[in-house]
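Participant: This is the structure I want to talk about, given as structure tokens.
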Ligand code: ASP
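In the numbering used here, the protein residues as written are 3 to 441.
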């Protein structure tokens, strides 16, 4: 079995972290393909190398001197090299990058150098071959990741390379220039490499021991999720829970490869397993709780709405015509509610209201703001009586007024709308009833 191991920025922020990573890789000889991020923050308030690189690009593109951030970047890498006591130098690489910044500054190329240089060091440190991601990861003419070409080229290359370091975050654009994924994109690279080599597992090493049942900024010391399905993860990430880049799921999901989130600082912790399906019961009825604030609800009423064919389509068209995507749509007999992000909606609200009047001729439209949505997610909820009842009694006891309820047809989640001001209280109440009390 082969394992692909991706290490995040904080796992590679300095030479001590590199040593931990080295020990993790050497501890298991099936860890054959390594995907590094760029060096991240060493302490809170520190700057990530990727951000320093973006700064260099900004300055260089305006023709301004970029020596300050560039020197910082150089010393970050040199410190790592010295700390690892390896006979290795990145001086030639720095000369190339500096030249390029001066003569032909390119944003994606510049940003990608964080991973590229870290990959060079990692390969030298481990004695693994270095594969430049620009030779094995491709984007199409629309800038979309080209799964087919990448799989073909990368699989062929990996089949000839038993152990390699492939830097995260970038590949080759259709025009031949380097192109990056969105921020946090090394997670995607790891997933692509895992899919291309038919890995048994994609280990994603970070600085937390897995996904937490709830946001630690709201719930103190929340429990760790041991196993979560891709679908549950999607629901939670959509609601703002973040450990892994959202697009990192698809390449491995396609191949049925599990992802194991692990902690570089606590390698003994089993972390979280992200799987397609499992017969393992989660420790609690729910798998996780996540939520987001600042939604608006647009309530549309019309007598006999239920019998008017095409009413919903006309209402949705008003949103579509204004380029607003809707998040949820609970409905009644003569009412429908469209839930949208307040930030997207606010500047266009009056256009949308008049478009709804024009297209659908409703009796009234009301807009409510300051709505927070909370998703309670769990594969176990389907087969458990009284889950909804417990959620709502917990919220009633915590004096939280529920403004909206939406149970997805997958029965994987229940979405509850509360006022922004009740957001934290509601999450704590739900966590307590399912995880702490475990009634
Ligand atoms: N270094 C990039 C970033 O900071 C990509 C990554 O770390 O995944 O976003």
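A virtual CB, placed ideally from N, CA and C, is assigned to each residue, including glycine.
Going along the chain, which residues of its own chain have a beta-carbon closer than 7 Å to the beta-carbon of residue 52, five neighbours each way excluded?
Facilitator: Excluding sequence neighbours, residue 52 sits near 40, 113, 116.
Participant: May I ask you to list the residues that DSSP assigns as paired with residue 181?
Facilitator: Beta-bridge pairing links residue 181 to 173.
Participant: Which residues bound the beta strand (DSSP E) around residue 421?
Facilitator: Element bounds for residue 421: 415 to 421.
Participant: By alpha-carbon positions, which one of 427, 23, 5, 152 ends up nearest to residue 217?
Facilitator: Of the listed residues, the one whose Cα sits closest to residue 217 is 427.
Participant: Any heavy atom of the ligand ADP within a distance shorter than 8 Å of the CB on residue 94?
Facilitator: With respect to small molecules bound, the structure shown includes the ligand ASP and not the ligand ADP.
Participant: Starting from the Cα of residue 350, find the closest Cα among 221, 321, 177 and give me that residue.
Facilitator: Nearest C-alpha to residue 350: 321.
Participant: Which partner residues of residue 333 appear in the DSSP bridge assignment?
Facilitator: 338, per the DSSP bridge assignment.
Participant: Please determine, among 271, 268, 275, 38, the residue with the shortest C-alpha to C-alpha distance to residue 258.
Facilitator: Answer by Cα proximity: 275.
Participant: Taking 8 Å as the cut-off, does the CB of residue 74 come closer than this to any heavy atom belonging to the ligand ASP?
Facilitator: It does not: the Cβ of residue 74 is nowhere closer than 8 Å to a heavy atom of the ligand ASP.
Participant: Locate the beta strand (DSSP E) running through residue 293, then write down its first and last residues.
Facilitator: First-last of the beta strand (DSSP E) with residue 293: 290 to 303.
Participant: Rounded C-beta distance between residue 383 and residue 287? I'm assuming under 8 Å.
Facilitator: Contact flag correct, Cβ pair sits at about 6 Å.
Participant: When the Cα atoms are used, what is the spatial distance from residue 1 to residue 27?
Facilitator: Since the first residue shown for the chain is 3 and the last is 441, residue 1 is missing from the structure and cannot be characterised.
Participant: Return yes when at least one heavy atom of the ligand ASP lies under 8 Å from the C-beta of residue 165, else no.
Facilitator: It does not: the Cβ of residue 165 is nowhere closer than 8 Å to a heavy atom of the ligand ASP.
Participant: Assess contact between the segment 185 to 195 and the segment 240 to 248, defined as three or more Cβ pairs (one per stretch) separated by less than 8 Å. Is contact present?
Facilitator: The segment 185 to 195 vs the segment 240 to 248: in contact.
Participant: Suppose you measure from the CA of residue 20 to the CA of residue 239; what does that come to, to the nearest Å?
Facilitator: Between residue 20 and residue 239, the C-alpha separation is close to 29 Å.
Participant: According to DSSP, is residue 323 helix, strand or coil?
Facilitator: Three-state DSSP puts residue 323 in a helix.
Participant: Is residue 50 close to the ligand ASP? I mean its beta-carbon at under 8 Å from any heavy atom of the ligand.
Facilitator: Residue 50 Cβ: within cutoff of the ligand ASP.
Participant: If you follow the alpha helix (DSSP H) that residue 386 is part of, which residue opens it and which one closes it?
Facilitator: Segment: none, residue 386 is in no alpha helix (DSSP H) and carries neither H nor E.
Participant: Are the segment 135 to 155 and the segment 77 to 85 touching, with three or more C-beta to C-beta distances below 8 Å?
Facilitator: Contact fails: fewer than three Cβ-Cβ distances are below 8 Å.
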